[in-house]
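Protein chains in written order, with our numbering: chain W, 1 to 132; chain G, 1 to 132; chain F, 1 to 132; chain R, 1 to 132.
Structure (structure tokens):
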């Protein structure tokens, strides 16, 4: 399905804006609009779900073996980057509100997954739905 | 609803693991298990949707005005951090596969949102569903 | 939170269109457009997820204790009915494609839930996330 | 992708339990457990999103051209029917709470879709994401 896959080059050589700077920008954006009153974690989880729904919509009619190419084409790529931006914003807002560090949460979960899916048994086998 | 809200202190003073390091770790995790064959962007969008579903499940019976407190309690906090870790992993895998830089996508979308929701008209008003 | 809740009167006294008639109409709609080629169960699950995302968007900024009233107001009610229609269409298409009878699936799951959540222990307690 | 697709025979020749009977059963199930206090439309939209997330999980690693067969196999079929049951329950609870008739909402949206996607222009073309 993905034999031909090669990791695409970065869109840009610019160094990624670090997460702390993004959080500072997001906080300012929210504060200027007085939106923190709407941003309890329950509502932000819903925001995240609705944004992910839009990202899923982008791929729903794309065949699996065309999915890599789809994200490289002009208009589709821009829409996908837009949706990923929305999902990232929602996720960072939720992390900021709950005081959960995204990088730490990812690293901690990755460590759990290493233990849960040992290389010798997991190799080449998709995780079973019941496992997650 | 969130009058009493105060940003919680970070779980840890440790510096966040930077995104590049996380990506390197994730790539190794996937490569060791030969899972890249399953990770086309369509499948990863579905992974993201299912992980977000689990995060939403955590809040579905929690009242809005109890949602901030919910994420501070012991077992619930751990589950929420776990689900955020899963969502973050899915999102980073999707970014890596499509070559879309998460930080850039967030920054670009935030810039668009600044234009779309001017402070003077958006202040104190939740975005309307039709707008997003 | 919902003390004041009273079941609203039906929008209409018309008898609900029965599911078999709806399925016949949906099949014709799809056949006329030659869309069955896109409607494998994986794609339909994604359609369902994206439509549910739009429904969730409708409620994300609505406070829990205003959620009942929200669905009764003019424009919001129409949008919600629209989104419910979309979700219903996606779900029926998936059922039709997989040959799973929606009514039977609901009845069977309800029977399981009766056993899983005995009245004496479940009464007045929201299901715990870990249980579902 | 779905050339070989043939509509599967119904699991059962039993007549589908009609929606009104299911609603009566669901209301009794909820009333016995005093759960109506948790079932405002916002929470039910979240329930729906989390159940759909579990259904999506079932298909995330299944290739598109294997998706029809996946729903016919023993254990997978049972899990999928289970998840469809959960989604149906959440959707019916939401319809009942808001007083929106599922059958009417589906029929009304189908009528809108007929106008939105005329046969002559839509034939054989997947809906574009931006359109939905």
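Ideal Cβ placement from N, Cα and C applies to all residues, glycine included.
Neighbour-count burial assignment, residue 121 of chain R, 16 or more Cβ in a 10 Å radius: So residue 121 of chain R counts as exposed.
Sequence-distant residues of its chain with Cβ nearer than 7 Å to residue 14 of chain F (five each side left out): No answer about residue 14 of chain F holds up, because its pLDDT of 43 lies below 50 and its placement is not dependable.
Residue span of the alpha helix (DSSP H) that contains residue 29 of chain G, given as start and end: From DSSP, the alpha helix (DSSP H) with residue 29 of chain G extends over 19 to 33.
Three-way DSSP call (helix, strand, coil) for residue 118 of chain W in this model: The answer is coil: DSSP assigns residue 118 of chain W none of H, G, I, E or B.
Below-8 Å beta-carbon distance, residue 122 of chain G vs any chain F residue: Not an interface residue.
Cβ-based burial, residue 52 of chain W [other Cβ within 10 Å; buried from 16]: That one is buried.
Contact list for residue 36 of chain G against chain R, beta-carbon separation under 9 Å: When 9 Å is used as the limit between beta carbons, residue 36 of chain G is near no residue of chain R, the shortest such separation being about 12 Å.
Listed by chain order, chain G residues near residue 73 of chain F by CB distance under 7 Å: The contacting residues do not exist; residue 73 of chain F stays about 13 Å from chain G at best.
Segment limits, alpha helix (DSSP H) that includes residue 67 of chain G: Run containing residue 67 of chain G: 67 to 70, per the alpha helix (DSSP H) assignment.
Burial state of residue 78 of chain G, where buried means 16 or more other Cβ atoms lie within 10 Å: Result: exposed.
For residue 57 of chain R and residue 67 of chain R, the rounded distance between their alpha carbons: Distance between the alpha carbons of residue 67 of chain R and residue 57 of chain R: 13 Å.
Secondary structure of residue 2 of chain F, DSSP reduced to three states: The predicted position of residue 2 of chain F is uncertain, since its pLDDT is 41 and thus under 50; no value can be drawn from it.
Best match in F/85, F/54, F/106 for proximity to residue 26 of chain F [C-alpha to C-alpha]: It is F/85 whose Cα lies nearest to the Cα of residue 26 of chain F.
Nearest neighbour of residue 113 of chain R, chosen from F/30, F/113, F/36 [CA to CA]: Closest option to residue 113 of chain R, Cα to Cα, is F/30.
Spatial distance of residue 28 of chain R from residue 93 of chain F (CA atoms): Using only the alpha carbons, I get a separation of about 28 Å.
Residue from G/81, G/44, G/34 with nearest C-alpha to residue 106 of chain W: The closest CA to that of residue 106 of chain W, considering only G/81, G/44, G/34, is found on G/81.
Neighbourhood of residue 38 of chain G by C-beta, 8 Å cutoff - its chain only, sequence neighbours within 5 removed: Cβ neighbours of residue 38 of chain G within its own chain (closer than 8 Å, five residues either side excluded): none.
N- and C-terminal bounds of the alpha helix (DSSP H) containing residue 84 of chain G: Per DSSP, the unbroken alpha helix (DSSP H) holding residue 84 of chain G starts and ends at 74 to 98.
Backbone secondary structure at residue 105 of chain R - three-state DSSP: Correct three-state label for residue 105 of chain R: helix.
Residue 87 of chain R burial status per 10 Å Cβ neighbour count (16 or more: buried): Residue burial is scored here from C-beta neighbours: residue 87 of chain R has at least 16 other C-beta atoms within 10 angstroms and is therefore classed as buried.
Cross-chain neighbours of residue 45 of chain R in chain F, by beta carbon under 7 Å: The contacting residues are 55, 56, 59.
8 Å Cβ cutoff, residue 85 of chain W in contact with chain R: Output row for residue 85 of chain W: interface = no.
7 Å CB neighbourhood of residue 23 of chain W in its chain, flanking five on each side removed: For residue 23 of chain W, where only same-chain residues beyond five positions count, the Cβ hits under 7 Å are 92, 96.
Residue 63 of chain G (DSSP reduced to helix, strand or coil): Residue 63 of chain G falls in the coil class under three-state DSSP.
Residue-level contact to chain G via CB, residue 30 of chain R, 8 Å cutoff: Answer no: the Cβ-Cβ gap between residue 30 of chain R and chain G never drops below 8 Å.
Cβ pair residue 63 of chain R, residue 64 of chain W closer than 8 Å: The answer is yes: Cβ separation under 8 Å.
Chain R contact for residue 49 of chain G (CB, 8 Å cutoff): Closer than 8 Å to some Cβ of chain R, the Cβ of residue 49 of chain G qualifies, so yes.
Residues of its chain near residue 111 of chain G, where Cβ-Cβ distance is below 7 Å and the 5 sequence neighbours each way are ignored: Nothing listed; no residue qualifies.
Rounded separation between residue 40 of chain F and residue 32 of chain G - CA only: When rounded, the distance between both Cα atoms is 31 Å.
Spatial neighbours of residue 36 of chain G in its chain, beta-carbon cut-off 8 Å, leaving aside the 5 residues before and after: Around residue 36 of chain G: 30.
Alpha-carbon to alpha-carbon, residue 69 of chain W and residue 118 of chain R: Using only the alpha carbons, I get a separation of about 29 Å.
Beta-carbon proximity check, residue 44 of chain F vs residue 90 of chain F, cutoff 8 Å: Yes. Within cutoff.
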